[in-house]
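Trainee: Top line first, the protein sequences correspond to chains L and B.
Read in this note's numbering, the first sequence has 180 at position 180, and its numbers run on one by one without any break.
Read in this note's numbering, the second sequence has 120 at position 120, and its numbers run on one by one without any break.
The C-beta atom is built at its ideal place from N, Cα and C for all residues, glycine as well.
Nothing here was measured: the structure is a model prediction, and the numbers come from that model.
Protein chains: 2
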Amino acid sequence: MKGKPNFSGVIAPVVTPFGEDGAPDVDRFIEHAEWLLENGCTGLAPFGTTSEANSLGLDERMELLEELVDGGVDPAKLMPGTGSCSVADAAILTQHAVDLGCGGVLMLPPFYYKNPSEEGIVRFFADVVDDVGDDRLRIYLYHIPQVAQVGFPLPLIARLKQEFPGTVVGLKDSSGDWANTKAILDAHPDLEIFPGSELFLLQGLRAGAAGCISATANVGARAMRRLVDGWEGPDADKMQEEISAIRLTIQAFPVIPTLKALIAHYREDPGWAEVRPPFVPLPRAEAERAITTLADKHGFRLDFAEAA
Amino acid sequence: MKGKPNFSGVIAPVVTPFGEDGAPDVDRFIEHAEWLLENGCTGLAPFGTTSEANSLGLDERMELLEELVDGGVDPAKLMPGTGSCSVADAAILTQHAVDLGCGGVLMLPPFYYKNPSEEGIVRFFADVVDDVGDDRLRIYLYHIPQVAQVGFPLPLIARLKQEFPGTVVGLKDSSGDWANTKAILDAHPDLEIFPGSELFLLQGLRAGAAGCISATANVGARAMRRLVDGWEGPDADKMQEEISAIRLTIQAFPVIPTLKALIAHYREDPGWAEVRPPFVPLPRAEAERAITTLADKHGFRLDFAEAA
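So, in structure tokens, the structure goes:
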């Protein structure tokens with residue numbers, strides 16, 4: 001049986017805003033993180049795929065995380081991405097997150113070399129765990145095979161859990177393949193499992209998932225939170241339908257530039273729409289189409305006035 | 001017409017040795033680099049795929065490069081890999097290489113996010129070139145789509161050459177697809193083009209390639225150099241046949257662990273065989289089979305006694 005989980009509910013991989021000079025914008029970042037925690041999110045996963053983490057430099061990632069904690073965000077609610085192709089940099093990022101008191105870290109496998117052996121991935125994690133050498137370390141495996149191309153198949157998950165008991169405690173499944181998420185849930189009821197999309201939120205909760213970690217939680221966490229709180233009630237299926245309709249609308253656009261365009265629009269702050277290469281900002285017409293479609297068809301809007 | 005090229009001939013993506021503590025082994029690294037330059041190589045491309053560069057940390061890469069130059073290797077002969085998923089880290093590595101006087105840099109495209117737009121990749125390179133802001137910068141594009149999953153298709157190469165004239169000066173084509181290499185050679189006779197395998201060395205030289213940058217140059221540069229020096233002579237086809245036979249034998253094994261196992265064997269230095277995760281060392285029986293096959297069938301051996 002599971003003990004008290006470290007993380008549950010709705011977790012947003014916080015989008016990373018950039019200033020006019022192209023550097024990460026600390027003020028916008030903290031403001032958005034706090035707004036998320038006040039508007040549905042139970043935790044934050046900065047430096048995920050949605051955060052353009054792999055477009056950030058090693059130092060930029062560490063500085064932003066420090067600013068977030070210094071800015072008052074409870075580090076226990078933070079599950080920063082700390083994966084890297086190299087043991088060396090993964091260990092630096094992970095140690096840094098643990099030192100700041102983060103509740104967990106979300107780790108990609110090393111993703112440059114393709115088709116690594118199971119043994120090679122286990123050794124990678126063994127080296128990181130050994131380098132960090134801290135009992136507080138809690139690792140969430142980040143399975144996103146369509147992007148990283150290197151993933152966590154079921155036998156590897158089992159082996160990592162067995163090799164690092166109490167350290168490897170969960171997984172985010174961003175495969176978009178419910179059958180895979182269900183198989184992991186069935187095999188590992190003792191892990192904290194998060195589907196990577198709210199499309200599977202209700203199915204997930206019914207099957208023992210801890211919640212979801214989803215890109216679109218950056219703009220839609222409130223509705224997801226209502227479902228997390230009410231999934232055993234009579235309105236659950238209807239809530240899931242509404243959540244799914246919005247998700248499907250957003251993911252028909254390039255997700256990261258669209259999330260930023262939505263925030264820019266409702267904050268009346270055009271600078272928010274900036275992205276780093278290899279992404280390009282959403283063309284204005286596309287952004288307007290996304291905003292209008294969501295508003296007209298789904299009554300979707302963001303209310304930043306309610307932020308503290 | 002081409003001016004005097006920055007690089008030509010046989011270039012080895014230097015394998016990176018590790019010490020017992022798992023850290024890069026500077027002494028072995030410099031010794032191997034110098035041996036390569038004395039035994040066929042005209043240049044070195046440290047921190048390529050074969051170098052396990054993406055298993056090294058940002059600081060480790062910069063420290064090793066400094067040690068190489070401090071150790072007496074002519075930086076004009078160095079084309080270090082400085083690509084990264086992030087503009088920030090790519091710019092740091094590239095600036096560092098330029099500051100050390102390196103003749104060029106070999107750059108992967110940002111490879112985490114898949115299917116980037118052409119515009120996104122151009123912006124990535126624009127940001128790196130702008131951040132470095134140094135006229136000495138010479139970029140060689142590193143096309144290895146089967147690993148990076150993000151490559152340099154022909155229209156992108158043309159656009160990068162046009163946007164950064166005199167800065168984007170060459171390309172390594174590790175696709176293993178001669179038709180692609182030939183198409184690039186035909187379209188861009190003004191670029192320094194290097195097939196990523198000596199299997200295409202003679203074909204390449206005949207079609208205008210500058211040489212080759214090949215993993216197996218770590219152990220077979222002398223024979224490749226003889227072909228580069230004698231490709232217009234009567235023995236060229238026979239030389240290519242012998243080179244290809246050795247290459248095909250090596251690449252039937254896991255290449256990086258096998259190259260290290262060969263060096264470890266002939267240096268009588270077992271520590272040379274170490275690799276970093278996600279790679280694992282070649283099992284002893286496999287290593288012996290590689291060594292024996294190469295020696296018995298192809299008369300292949302490494303002579304480190306001749307090193308300075």
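Using a Cβ-Cβ cut-off of 6 Å (strictly less than) and excluding sequence neighbours within five positions of Pro5 of chain L, which residues of its own chain qualify?
Mentor: Glu192 and Ala210
Trainee: Look at the alpha carbon of Val69 of chain L and the alpha carbon of Met79 of chain L, and state the distance between them as a whole number of angstroms.
Mentor: Those two C-alpha atoms are separated by around 12 Å.
Trainee: Any C-beta of chain B sitting closer than 8 Å to the C-beta of Gly151 of chain L?
Mentor: no
Trainee: Tell me which residues of the region 39-65 of chain B have at least one Cβ-Cβ distance to chain L shorter than 7 Å, keeping chain order.
Mentor: Asn54, Ser55, Leu56, Gly57, Leu58 and Glu60
Trainee: What's the call for Asp130 of chain L, buried or exposed, on a 16-neighbour Cβ count within 10 Å?
Mentor: Exposed is the call here.
Trainee: Can you tell me which of the three DSSP states Asp177 of chain B falls into?
Mentor: In this structure, DSSP gives Asp177 of chain B a state outside helix and strand, which the three-state scheme calls coil.
Trainee: For Leu248 of chain B, which residues of its own chain have a beta-carbon under 8 Å away from its beta-carbon, when the five flanking residues on both sides are left out?
Mentor: Leu199
Trainee: With three or more C-beta pairs closer than 8 Å as the rule, is the region 118-126 of chain B touching the region 257-277 of chain L?
Mentor: yes
Trainee: Confirm, please, whether the CB-CB distance from Asp134 of chain B to Val98 of chain B is below 8 Å.
Mentor: Yes, Cβ-Cβ distance for Val98 of chain B and Asp134 of chain B is below 8 Å.
Trainee: Taking Ala119 of chain B as the query, report the chain L residues whose CB atoms sit under 7 Å from its CB, ordered along the chain.
Mentor: The identity of residue 119 of chain B in the sequence shown is Glu, whereas the question assumes Ala. Going along chain L in sequence order, the residues near Glu119 of chain B (Cβ under 7 Å) are Val280.
Trainee: Determine the closest residue to Gly271 of chain L out of L:Ala12, L:Val14, L:Pro13 and L:Phe18, with distance taken between C-alpha atoms.
Mentor: Among L:Ala12, L:Val14, L:Pro13 and L:Phe18, the Cα nearest to that of Gly271 of chain L belongs to L:Phe18.
Trainee: Cα separation between Ile11 of chain L and Ile243 of chain L?
Mentor: 15 Å
Trainee: For the beta strand (DSSP E) that Ile278 of chain L lies in, which residues bound it at each end?
Mentor: The displayed chain sequence assigns Pro, not Ile, to residue 278 of chain L. Per DSSP, Pro278 of chain L belongs to no beta strand (DSSP E) and is neither H nor E.
Trainee: So is Met1 of chain B buried or exposed if we call it buried at 16+ other beta carbons inside 10 Å?
Mentor: Its pLDDT being 37, under 50, Met1 of chain B is placed unreliably by the model, and nothing is read from it.
Trainee: Within this structure, are the beta carbons of Leu141 of chain B and Leu154 of chain B separated by less than 8 Å?
Mentor: It is not a contact, given that the beta carbons lie outside the stated cut-off.
Trainee: Under 8 Å, Cβ to Cβ, is there at least one residue of chain L near Phe7 of chain B?
Mentor: no
Trainee: At 4 residues or longer, what runs of the alpha helix (DSSP H) sit wholly inside the region 79-146 of chain L?
Mentor: 87-99 and 118-132
Trainee: So that I know if they touch, is there some Cβ in chain L lying closer than 8 Å to that of Ala88 of chain B?
Mentor: yes
Trainee: Across which residues does DSSP place Lys172 of chain B in a beta bridge pair?
Mentor: B:Tyr142 and B:Phe194
Trainee: Is His143 of chain B near Ser174 of chain B, with beta carbons less than 8 Å apart?
Mentor: yes
Trainee: Can you name the residues of chain L whose CB is closer than 7 Å to the CB of Arg276 of chain B?
Mentor: Residues of chain L with a Cβ closer than 7 Å to the Cβ of Arg276 of chain B are, in chain order, Val87.
Trainee: Report the rounded CA-to-CA distance for Asp89 of chain L versus Ile246 of chain L, giving the unit in angstroms.
Mentor: 37 Å
Trainee: Is Gly220 of chain L helix, strand or coil when you go by DSSP?
Mentor: helix
Trainee: Would a check of beta-carbon distances place Ala124 of chain B closer than 8 Å to chain L?
Mentor: Inspection of the sequence shows that residue 124 of chain B is occupied by Phe rather than by Ala. Closer than 8 Å: yes.
Trainee: What does Val312 of chain L touch in chain B if you count any residue whose Cβ is under 8 Å from its own?
Mentor: Limits of chain L in this structure are 1 at one end and 308 at the other, which puts residue 312 of chain L out of reach.
Trainee: Give the secondary structure of Ile256 of chain B by DSSP, where H, G and I count as helix, E and B as strand, and everything else as coil.
Mentor: Look at Ile256 of chain B here: in three-state DSSP terms it is helix.
Trainee: Is there contact here, the region 256-266 of chain B with the region 278-292 of chain B, by at least three beta-carbon pairs under 8 Å?
Mentor: yes
Trainee: Would you say Asp127 of chain L reaches chain B, if we count a Cβ-Cβ gap shorter than 8 Å as a contact?
Mentor: yes
Trainee: One question on the structure: do Pro24 of chain B and Thr50 of chain B come within less than 8 Å of each other, judged by their Cβ atoms?
Mentor: The Cβ atoms of Pro24 of chain B and Thr50 of chain B do not sit closer than 8 Å to each other.
Trainee: Going by other Cβ atoms of all chains shown within 10 Å of its Cβ, with 16 needed for buried, is Ala295 of chain L buried or exposed?
Mentor: Around the beta carbon of Ala295 of chain L, a 10 Å sphere encloses fewer than 16 other beta carbons of the protein chains shown; the residue is thus reported as exposed.
Trainee: Let's test the definition: count the other Cβ atoms within 10 Å of the Cβ of Thr16 of chain B and tell me whether it reaches 16, buried, or not, exposed.
Mentor: buried
Trainee: Beta carbon of Ala290 of chain B: closer than 7 Å to some heavy atom of the ligand NAD?
Mentor: The ligand NAD is not among the ligands present in this structure, which contains no ligands whatsoever.
Trainee: Taking its Cβ as the centre, do 16 or more other Cβ atoms sit within 10 Å of Gly72 of chain L, making it buried, or is it exposed?
Mentor: exposed
Trainee: Checking contacts by CB at 8 Å: is Ile184 of chain B closer than that to chain L?
Mentor: no
Trainee: Look up Cys41 of chain B in the DSSP assignment and give the residues it is bridged to.
Mentor: Looking at the DSSP assignment, Cys41 of chain B forms no beta bridge with any residue, so it has no partner.
Trainee: Quick check on Ala12 of chain B: does DSSP put it in helix, strand or coil?
Mentor: strand
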